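Visitor: The structure under discussion is supplied below as structure tokens; questions concerning it will follow.
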Amino acid sequence: MRETNMKKILISLLFLLFGTSAYADCNIKSGSINILANDFPALRTFVETAKGCKGSADFKVTHSSEHNKIAVPALTANPSEFSARIAANSSIVPLMNQDLIRPLDDLVKKYGKGIQDSQLITIDGKIMAVAFMANTQHLYYREDVLKELGIAVPKTYEDVVAASEKIRASGKMQYPYAAAYKAGWNLAEEFVNMYIGHGGEFFKAGTAQPSINNAKGVATLNMLKKLAGLSNPDYLTHDSEAIKVEWESGNVALMTLWASRSGTLLDDDGDAKITAATKLTGPATVAGGNIPAATLWWDGFTLAKNRSDADAEATFRALAHAAANKKMVADAADQAVWLIEGFKPGPKSIGVIEAVKMKAKPYPMLPQMGLMHGALGSEIVEFLQGKESAEQALKDVEAAYMSKAKEQGFL
Amino acid sequence: MPNKTFFWFFLPTGLAMILFIGLPIISTGIQSFYAQHDQVVKEVKKCDPFGCTVSIVVDQEKTSKIREEKPLGKFNGFGTYVDRNHLAIEEIGKFWNETNSFGEFVDQVTNLPFYKALIFTLTYCLFVTPNVLLLGFIIALSLNAVTRGIRGPLIFGTILPMIVTPLVGSLVLFWMIDAEGIIGANLQMLMNDPYLSLKSSKTLTWITIIIYGIWHHSPFAFVVFYAALQTVPQEPVEAAIIDGASRWQRVRHIVLPHIYPVVTFVALISLMDNFRVFEPIIGFSAEGSAQSLSWLIYDNLVNEEVILFGSAAATSMMTIVGIAILLAPVLIRTWKEFRTAR
Numbered sequence: 007m008r009e010t011n012m013k014k015i016l017i018s019l020l021f022l023l024f025g026t027s028a029y030a031d032c033n034i035k036s037g038s039i040n041i042l043a044n045d046f047p048a049l050r051t052f053v054e055t056a057k058g059c060k061g062s063a064d065f066k067v068t069h070s071s072e073h074n075k076i077a078v079p080a081l082t083a084n085p086s087e088f089s090a091r092i093a094a095n096s097s098i099v100p101l102m103n104q105d106l107i108r109p110l111d112d113l114v115k116k117y118g119k120g121i122q123d124s125q126l127i128t129i130d131g132k133i134m135a136v137a138f139m140a141n142t143q144h145l146y147y148r149e150d151v152l153k154e155l156g157i158a159v160p161k162t163y164e165d166v167v168a169a170s171e172k173i174r175a176s177g178k179m180q181y182p183y184a185a186a187y188k189a190g191w192n193l194a195e196e197f198v199n200m201y202i203g204h205g206g207e208f209f210k211a212g213t214a215q216p217s218i219n220n221a222k223g224v225a226t227l228n229m230l231k232k233l234a235g236l237s238n239p240d241y242l243t244h245d246s247e248a249i250k251v252e253w254e255s256g257n258v259a260l261m262t263l264w265a266s267r268s269g270t271l272l273d274d275d276g277d278a279k280i281t282a283a284t285k286l287t288g289p290a291t292v293a294g295g296n297i298p299a300a301t302l303w304w305d306g307f308t309l310a311k312n313r314s315d316a317d318a319e320a321t322f323r324a325l326a327h328a329a330a331n332k333k334m335v336a337d338a339a340d341q342a343v344w345l346i347e348g349f350k351p352g353p354k355s356i357g358v359i360e361a362v363k364m365k366a367k368p369y370p371m372l373p374q375m376g377l378m379h380g381a382l383g384s385e386i387v388e389f390l391q392g393k394e395s396a397e398q399a400l401k402d403v404e405a406a407y408m409s410k411a412k413e414q415g416f417l
Numbered sequence: 002m003p004n005k006t007f008f009w010f011f012l013p014t015g016l017a018m019i020l021f022i023g024l025p026i027i028s029t030g031i032q033s034f035y036a037q038h039d040q041v042v043k044e045v046k047k048c049d050p051f052g053c054t055v056s057i058v059v060d061q062e063k064t065s066k067i068r069e070e071k072p073l074g075k076f077n078g079f080g081t082y083v084d085r086n087h088l089a090i091e092e093i094g095k096f097w098n099e100t101n102s103f104g105e106f107v108d109q110v111t112n113l114p115f116y117k118a119l120i121f122t123l124t125y126c127l128f129v130t131p132n133v134l135l136l137g138f139i140i141a142l143s144l145n146a147v148t149r150g151i152r153g154p155l156i157f158g159t160i161l162p163m164i165v166t167p168l169v170g171s172l173v174l175f176w177m178i179d180a181e182g183i184i185g186a187n188l189q190m191l192m193n194d195p196y197l198s199l200k201s202s203k204t205l206t207w208i209t210i211i212i213y214g215i216w217h218h219s220p221f222a223f224v225v226f227y228a229a230l231q232t233v234p235q236e237p238v239e240a241a242i243i244d245g246a247s248r249w250q251r252v253r254h255i256v257l258p259h260i261y262p263v264v265t266f267v268a269l270i271s272l273m274d275n276f277r278v279f280e281p282i283i284g285f286s287a288e289g290s291a292q293s294l295s296w297l298i299y300d301n302l303v304n305e306e307v308i309l310f311g312s313a314a315a316t317s318m319m320t321i322v323g324i325a326i327l328l329a330p331v332l333i334r335t336w337k338e339f340r341t342a343r
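First to last, the protein sequences are chains W and V. Under the working numbering, think of the first position of the first sequence as 7, with each following residue one higher. Under the working numbering, think of the first position of the second sequence as 2, with each following residue one higher.
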């Protein structure tokens with residue numbers, strides 16, 4: 007009893023502190039809301055804001071970095087465990103492939119006041135998701151180190167290689183470059199970025215036939231290997247979190263990392279000198295191309311198909327309240343690059359803004375892309391370890407992809 | 002025990018085994034023979050905050066109709082088993098014809114995911130199992146010789162590696178062998194090589210995982226051997242001492258024959274466990290250098306955004322067959338002994 011009382015007091019205190027969003031009750035009378043989302047600060051803010059307007063509806067949320075593994079099974083069940091799933095370009099695809107999410111046109115018309123047209127993800131004329139933030143990978147650099155050695159801020163990956171070699175030669179740092187090259191999803195993501203920077207296409211136009219075993223693919227692998235050679239030798243075990251730690255311990259001067267991580271890099275934790283010298287710039291281009299070697303990502307919400315209309319309506323109203331919330335955007339301006347009206351980009355959003363200006367491509371939203379991504383993550387490792395040629399690695403990727411695509415009925 | 006009593010005694014266990022082990026295996030087996038239906042795709046316009054493109058999606062209307070008719074998918078027979086990501090029959094034939102030397106052929110074959118994983122799995126089994134038996138036996142013998150007073154705490158300390166959750170154990174070691182960890186940094190100093198990294202070299206990663214495996218599994222062998230040692234009759238041992246047998250001779254001719262059935266048992270369990278090696282690969286983030294059969298199944302189920310049930314099921318079935326083959330010699334031997342004993 008005492009515990010619940012304490013909880014009530016705490017909750018009312020929180021409501022007092024974060025006033026307005028709590029008052030903005032959207033007048034939801036019934037229904038139950040259950041959200042599945044990834045776990046990073048911006049998404050927590052977003053879901054918290056949605057909770058502020060839950061009214062008398064049931065409200066539950068699961069934040070998990072393992073969200074990708076839960077999503078399809080949980081939404082396949084009928085009724086589905088979750089009424090909403092916060093997805094991104096890549097993770098909406100399996101939901102679309104299995105027909106697990108519902109079109110939002112009617113709900114947007116009825117309750118979507120304040121959501122901008124540019125936030126709507128439409129597929130075949132139907133609104134399937136409402137985006138609220140953008141993300142990409144871009145360069146971070148240590149201003150003090152570059153200045154001391156007279157190096158200009160790199161604009162291309164060739165610059166990054168030259169700058170890193172110079173830093174290494176100066177004896178300041180042994181492994182001046184870092185990127186998330188952990189074998190699997192992360193490494194494949196770096197390949198996708200670099201390959202798009204080279205102007206490559208993953209599939210033969212209009213088909214699911216792979217087409218990465220070409221000169222652009224080889225150039226991509228060679229660039230990745232050069233960069234890997236300038237990174238900590240354990241790079242195949244380093245994910246975004248690990249390279250963030252490397253950066254904060256001052257071992258790295260140049261880094262390719264997600265924009266959504268800039269908040270934790272620039273906060274008050276850690277060495278103040280390093281934090282002060284950490285600067286952000288746009289993503290780099292490669293091989294003389296003019297589009298960046300990076301992919302644009304959006305995060306948005308989708309609604310489960312296998313859930314009652316009443317639940318869908320309640321969920322939509324709560325989430326739409328957050329997806330058009332100027333106050334949230336103003337309060338959490340440095341947590342993300344919000345796509346919501348009223349967002350004023352701060353210094354932490356330079357990377358994404360630059361990427362958009364440079365016409366970076368979005369991550370390919372193709373039904374078979376996940377299989378390609380998976381094949382890349384395991385088959386290019388041996389090339390980076392120097393155990394096989396670039397051509398052989400690309401051939402392996404295509405072969406591995408084709409077996410999987412056949413099993414999934416794409417070929 | 003009369004057969005009838007045995008039947009009633011075994012019935013609950015048997016039912017549970019059929020329900021929780023037998024049926025899932027059968028269901029996995031059935032699943033491994035099916036693939037997804039051919040995807041019907043169509044071209045549509047997709048718009049997101051970054052612009053519009055013409056691209057393809059799965060045509061849900063047509064696909065759902067096919068799915069309703071045949072929910073299991075398309076019958077594929079052994080198609081998944083022989084494809085490139087599993088047994089790769091076709092590819093191996095091609096390599097055989099195209100390569101010039103046997104070495105080149107082996108290189109090509111071991112480059113295939115299934116064989117790569119199989120080789121690691123077998124290497125792990127071959128190194129870990131005998132070493133676990135040996136180390137467990139030595140520890141059991143030594144502890145058996147210690148004064149009773151301090152045996153308790155010593156036993157507790159010895160079985161600690163088994164109590165620690167495998168994932169936690171491997172993570173602790175993972176951090177210790179980091180270039181800045183206590184083992185990694187000291188190795189660099191010792192070898193006088195600042196570039197030495199246990200995680201970047203394939204061979205060193207394999208060695209690390211194998212050592213971890215021995216560390217983690219030895220306590221199990223130790224516990225069983227220690228219990229068995231308590232049953233060794235003292236009279237023959239004392240007689241041997243009077244006859245002037247050395248310590249080694251006593252172990253070799255009295256202790257070992259006595260606990261031999263237990264050794265077989267530990268070897269069996271250990272082989273089965275080791276063939277399913279999985280946690281250390283995740284704990285050491287060693288996916289790049291070492292893949293096991295279990296890891297392949299995990300990869301098919303969770304690492305892709307699309308879940309490859311057919312692939313995972315096929316690898317599972319082949320793992321079961323693999324364990325059966327590995328255990329066959331020991332099982333046949335036990336069976337023969339059982340027959341002669343009767």
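For every residue, glycine included, the Cβ atom is placed at its ideal position computed from N, Cα and C. Being a predicted model, the structure only gives us computed values, none of them experimental.
(1) Does the beta carbon of lysine 95 of chain V sit closer than 8 Å to a beta carbon anywhere in chain W?
(2) Can you say whether threonine 204 of chain V is buried or exposed, counting buried as having 16 or more other CB atoms within 10 angstroms of its CB?
(3) My parser needs the beta strand (DSSP E) runs of 3 or more residues fully inside the segment 134-195 of chain W; what are they?
(4) What do you get for glycine 311 of chain V, buried or exposed, if any count of 16 or more other CB atoms within 10 angstroms of its CB means buried?
(5) Proline 281 of chain V touches chain W at which residues, Cβ-Cβ below 8 Å?
(6) Taking a Cβ distance cut-off of 7 Å, strictly less, list which residues of the segment 48-73 of chain V are near chain W, in chain order.
(7) Just to confirm the assignment: which complete alpha helix (DSSP H) runs, minimum length 4, are found wholly within the segment 252-304 of chain W?
(8) Which residue marks the beginning of the alpha helix (DSSP H) containing lysine 3 of chain W, and which one marks its end?
(9) Where does the unbroken alpha helix (DSSP H) through serine 171 of chain V begin, and where does it stop?
(10) Decide if the segment 239-259 of chain V is in contact with the segment 178-185 of chain V; the criterion is three or more beta carbon pairs, one per stretch, under 8 Å apart.
(11) Which one of W:Ala406, W:Arg50, W:Gln143 has the shortest CA to CA distance from serine 217 of chain W?
(12) Quick one: which chain W residues come within Cβ less than 9 Å of alanine 36 of chain V?
(13) Select from the segment 311-326 of chain V all residues with a C-beta closer than 7 Å to any C-beta belonging to chain W, and list them in chain order.
(14) Using a beta-carbon distance cut-off of less than 8 Å, what residues from the segment 104-124 of chain V approach chain W?
(15) Could you tell me which chain W residues have their CB closer than 7 Å to the CB of isoleucine 308 of chain V, listed as they occur along the chain?
(16) In chain order, what residues of the same chain have a beta carbon less than 7 Å from the beta carbon of glutamine 109 of chain V, not counting five sequence neighbours either side?
(17) For a contact defined as C-beta to C-beta under 8 Å, what are the partners of arginine 85 of chain V on chain W?
(18) DSSP beta-bridge partners for serine 56 of chain V?
(19) Would you identify the three-state DSSP class for proline 368 of chain W, choosing helix, strand or coil?
(20) Would you say tyrosine 213 of chain V faces chain W, with C-beta separation under 8 Å as the test?
(21) Closest to glycine 380 of chain W by CA distance: which of V:Gln231, V:Pro114, V:Thr335 is it?
(22) Please tell me whether alanine 186 of chain V has its Cβ less than 8 Å away from any Cβ of chain W.
(23) Between which two residues does the alpha helix (DSSP H) harbouring isoleucine 215 of chain V extend?
(24) Which chain W residues sit within Cβ distance under 9 Å of valine 169 of chain V?
(25) Starting from serine 96 of chain W, find everything on chain V with Cβ-Cβ shorter than 7 Å and list it in chain order.
(26) Excluding the 5 residues preceding and the 5 following alanine 30 of chain W in the sequence, name in chain order all residues of the same chain whose CB lies nearer than 6 Å to its CB.
(27) Run through DSSP, which three-state label would lysine 90 of chain W get?
(28) If you draw a straight line from the alpha carbon of valine 358 of chain W to that of tryptophan 304 of chain W, how long is it in whole angstroms?
(29) Give every residue of the same chain whose Cβ lies closer than 8 Å to the Cβ of serine 62 of chain W, excluding the five residues on either side of it in the sequence, and list them in chain order.
(30) Leucine 193 of chain W and glycine 348 of chain W - do their beta-carbons sit closer together than 8 Å?
(31) On a Cα-Cα basis, can you pick out the residue from W:Asp273, W:Ala320, W:Lys393, W:Val362 that is closest to lysine 66 of chain W?
(32) Classify leucine 233 of chain W as buried or exposed, calling it buried when 16 or more other Cβ atoms lie within 10 Å of its own Cβ.
(33) Kindly identify the DSSP beta-bridge partner or partners of isoleucine 41 of chain W.
(34) Exposed or buried, threonine 213 of chain W, counting other C-beta atoms within 10 Å across all chains shown (16 or more means buried)?
(35) Counting along the chain, where does the alpha helix (DSSP H) carrying leucine 417 of chain W start and finish?
(36) Please list the terminal residues of the continuous alpha helix (DSSP H) segment that includes leucine 126 of chain W.
Guide: On the basis of the coordinates in this document:
(1) no
(2) exposed
(3) 143-148, 183-185
(4) With 16 or more neighbouring CB atoms inside 10 Å of its own CB, glycine 311 of chain V falls in the buried class.
(5) Within chain W, no residue comes near proline 281 of chain V; the closest Cβ sits about 13 Å away, beyond 8 Å.
(6) Cys48, Asp49, Pro50, Phe51, Ser56, Ile57, Val58, Val59, Gln61, Ser65
(7) 268-271, 278-283
(8) The structure shown does not extend to residue 3 of chain W, since chain W spans only 7 to 417, so no value can be given for it.
(9) 167-177
(10) Too few Cβ pairs lie closer than 8 Å, so no.
(11) W:Ala406
(12) Lys412, Glu413, Gln414, Gly415
(13) Legend: CB atoms of the segment 311-326 of chain V lying less than 7 Å from CB atoms of chain W belong to residues Gly311, Ser312.
(14) Asn112, Pro114
(15) Val78
(16) Phe96, Thr100
(17) Ala405, Ala406, Met408, Ser409
(18) V:Val45
(19) strand
(20) no
(21) V:Pro114
(22) No, no contact with chain W.
(23) 203-230
(24) One finds nothing in chain W with a Cβ atom closer than 9 Å to the Cβ of valine 169 of chain V; even the nearest lies about 17 Å away.
(25) Glu306
(26) Only weak support is given to the placement of alanine 30 of chain W: the predicted model assigns it a pLDDT of 49, under 50, and the value that follows is read from those uncertain coordinates. Closer than 6 Å at the Cβ level, and outside the excluded window around alanine 30 of chain W, lie Cys59.
(27) For clarity, residue 90 of chain W is alanine in the given sequence; the question names lysine instead. Strand at alanine 90 of chain W.
(28) 11 Å
(29) Ile34, Lys35, Ser36
(30) no
(31) When the alpha-carbon of lysine 66 of chain W is set against those of W:Asp273, W:Ala320, W:Lys393, W:Val362, the nearest one is in W:Ala320.
(32) The C-beta of leucine 233 of chain W has 16 or more other C-beta atoms within 10 Å across all chains shown, which makes the residue buried.
(33) W:Val67, W:Ala90
(34) exposed
(35) Segment: none, leucine 417 of chain W is in no alpha helix (DSSP H) and carries neither H nor E.
(36) Leucine 126 of chain W -> not in any alpha helix (DSSP H); beta strand (DSSP E) instead, spanning 126-129.
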